[in-house]
Amino acid sequence: MCCRHCGYIKAKQDPDEEKMQFQNGRGSRTYIHPHTYEDPNQAIRDFAKEIDASTIRIERVIGAGEFGEVCSGRLKLPSKREIYVAIKSLKAGYSEKQRRDFLSEASIMGQFDHPNIIRLEGVVTRCKPVMIITEYMENGSLDTFLKKHDGQFTVIQLLVGMMRGIASGMKYLSDMSYVHRDLAARNILVNSNLVCKVSDFGLSRVLEDDPEAAYTTRGGKIPIRWTAPEAIAYRKFTSASDIWSYGIVMWEVISYGERPYWEMSNQDVIKAIDEGYRLPAPMDCPVVLHQLMLDCWEKSRSERPKFGQIVNTLDKLIRNPNSLKELANSSIW
Numbered sequence: 001m002c003c004r005h006c007g008y009i010k011a012k013q014d015p016d017e018e019k020m021q022f023q024n025g026r027g028s029r030t031y032i033h034p035h036t037y038e039d040p041n042q043a044i045r046d047f048a049k050e051i052d053a054s055t056i057r058i059e060r061v062i063g064a065g066e067f068g069e070v071c072s073g074r075l076k077l078p079s080k081r082e083i084y085v086a087i088k089s090l091k092a093g094y095s096e097k098q099r100r101d102f103l104s105e106a107s108i109m110g111q112f113d114h115p116n117i118i119r120l121e122g123v124v125t126r127c128k129p130v131m132i133i134t135e136y137m138e139n140g141s142l143d144t145f146l147k148k149h150d151g152q153f154t155v156i157q158l159l160v161g162m163m164r165g166i167a168s169g170m171k172y173l174s175d176m177s178y179v180h181r182d183l184a185a186r187n188i189l190v191n192s193n194l195v196c197k198v199s200d201f202g203l204s205r206v207l208e209d210d211p212e213a214a215y216t217t218r219g220g221k222i223p224i225r226w227t228a229p230e231a232i233a234y235r236k237f238t239s240a241s242d243i244w245s246y247g248i249v250m251w252e253v254i255s256y257g258e259r260p261y262w263e264m265s266n267q268d269v270i271k272a273i274d275e276g277y278r279l280p281a282p283m284d285c286p287v288v289l290h291q292l293m294l295d296c297w298e299k300s301r302s303e304r305p306k307f308g309q310i311v312n313t314l315d316k317l318i319r320n321p322n323s324l325k326e327l328a329n330s331s332i333w
């Protein structure tokens with residue numbers, strides 16, 4: 001792919017904020033923000049494969065996104081083999097900016113190649129409707145999946161394996177200097193083999209329609225319950241703020257999709273966190289997992305673990321199930 005030499009990404013969320021240049025290590029790849037392209041269509045050409053619309057068969061509506069319907073269907077590959085896919089369509093009557101914003105997710109996703117990141121199959125841009133085609137995840141979003149199977153995973157290693165997959169995907173993104181900013185169980189997808197994949201790579205505008213997002217004093221919307229204090233207060237989004245969010249995702253997994261901070265208001269959550277409150281261990285949560293969550297929620301960014309360390313820790317726990325036997329004494333009820 002071309003333009004690798006650019007090496008620029010957005011350091012923070014606001015489009016008018018300073019860009020930061022990252023040096024490429026030998027053999028490493030650095031995420032390139034679509035907004036660094038003068039011609040956004042060039043970003044699509046660089047990072048997403050154009051798919052012939054005649055090879056796509058839409059079967060049923062499975063949801064609605066900000067820009068239009070999300071459907072499941074099939075894609076016929078050049079080998080003539082068919083695969084199941086998810087199809088996001090851009091609804092009619094869109095503006096050029098909406099088209100650009102819609103396709104920017106494909107420009108981002110197309111730069112990633114990892115078993116725990118949702119895979120982009122390609123885009124349809126040469127006819128209408130404009131579409132983004134991704135792999136199909138049979139079990140849908142992680143939060144919905146967990147609520148549906150509340151308490152059913154008696155072997156804790158299954159849940160730890162899910163957490164490990166998410167951490168592995170996030171390590172990959174962090175290594176590419178990509179900051180997700182909206183890591184939450186609702187933005188993780190689960191396939192038929194219970195493999196978890198990070199998704200939702202829309203830019204900041206996606207949060208405008210997120211029911212969990214709230215306006216902050218500095219403007220813009222942020223999903224408060226998942227967001228690190230420095231990101232709420234100063235809009236300082238980094239891999240360390242993604243680590244905080246990851247700790248909340250761990251809590252969601254162990255509590256089978258419980259709402260973080262329950263019915264507390266967003267303002268009460270901000271105040272409680274500032275005063276040192278942290279979510280208690282969910283029911284039947286191993287002590288080591290709650291401690292890892294608490295490590296992710298350190299007030300000082302530099303004190304939080306890196307994703308690579310989290311992957312290593314979870315690998316050790318999976319290899320040594322006895323380490324998961326000691327349960328924390330608190331309950332979420």
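Note that the UniProt record's numbering gives residue 222 to position 222 of the sequence shown, counting from 1, and the numbers run on in steps of one. No residue lacks a Cβ here, since even glycine has one placed at the ideal position from N, Cα and C.
Short CB-CB distance (under 7 Å) between residue i and chain B
| i | result |
| --- | --- |
| SER54 | As a matter of chain content, chain B is missing from the structure shown, which is built from one protein chain. |
Bridge-paired residues (DSSP) for residue i
| i | result |
| --- | --- |
| VAL85 | GLY73, GLU135 |
| GLY122 | ILE133 |
Beta-carbon proximity check, residue i vs residue j, cutoff 7 Å
| i | j | result |
| --- | --- | --- |
| GLY202 | GLU96 | no |
| THR134 | ILE118 | yes |
| VAL288 | SER323 | yes |
| ILE83 | LEU90 | no |
| LEU279 | VAL160 | no |
| ARG99 | GLY73 | no |
| LEU103 | ILE44 | yes |
| TRP226 | SER245 | yes |
| LEU327 | ASP284 | yes |
| ILE310 | ALA92 | no |
| GLY122 | ILE51 | yes |
| PRO34 | SER107 | yes |
| PRO223 | ASP182 | yes |
| ASP242 | HIS180 | yes |
| SER174 | THR30 | no |
| VAL198 | LEU142 | no |
| CYS71 | VAL85 | no |
| PHE47 | GLN152 | no |
| GLY165 | VAL130 | no |
| MET293 | GLY257 | no |
| ALA233 | ARG301 | no |
| MET264 | MET163 | no |
| ALA53 | VAL124 | yes |
| LYS171 | GLY308 | yes |
| residue 334 | HIS114 | No information on residue 334 is available, as it lies outside the stretch 1 to 333 that the chain covers here. |
| SER192 | GLU252 | no |
Residue i: CB within 6 Å of a non-hydrogen atom of the ligand FAD
| i | result |
| --- | --- |
| GLU59 | What this structure holds is no ligand at all, so the ligand FAD is not there to describe. |
Collapsed DSSP secondary structure at residue i in the structure displayed
| i | result |
| --- | --- |
| LEU317 | helix |
| LEU327 | strand |
| LEU183 | coil |
| ASN322 | helix |
| GLY63 | strand |
| ILE117 | strand |
| GLU230 | helix |
| GLY68 | coil |
| VAL249 | helix |
| THR36 | helix |
| SER79 | coil |
| ALA240 | helix |
| ASN24 | Low local confidence applies: a pLDDT of 35 at ASN24 is under 50, so the model's placement there is unreliable, with the coordinate-based value given in what follows. In this structure, ASN24 counts as coil in the three-state DSSP scheme. |
For residue i, the first and last residue of its enclosing alpha helix (DSSP H)
| i | result |
| --- | --- |
| GLU105 | 96-109 |
| ILE44 | 40-47 |
Bounding residues of the beta strand (DSSP E) (the contiguous stretch that carries residue i)
| i | result |
| --- | --- |
| ALA53 | Counting along the chain, ALA53 falls outside any beta strand (DSSP E), and DSSP gives it neither H nor E. |
| ILE224 | Segment: none, ILE224 is in no beta strand (DSSP E) and carries neither H nor E. |
| LYS148 | Where LYS148 is concerned, there is no enclosing beta strand (DSSP E), although the alpha helix (DSSP H) it sits in stretches over 142-148. |
| LYS197 | 196-198 |
| LEU158 | No beta strand (DSSP E) holds LEU158; the alpha helix (DSSP H) holding it covers 156-175. |
| ASN189 | Correcting the residue type first, residue 189 is Leu in the shown sequence and not Asn. Start and end: 188-190. |
4 or more residues per run - each alpha helix (DSSP H) lying fully within the region 252-314:
266-274, 287-296
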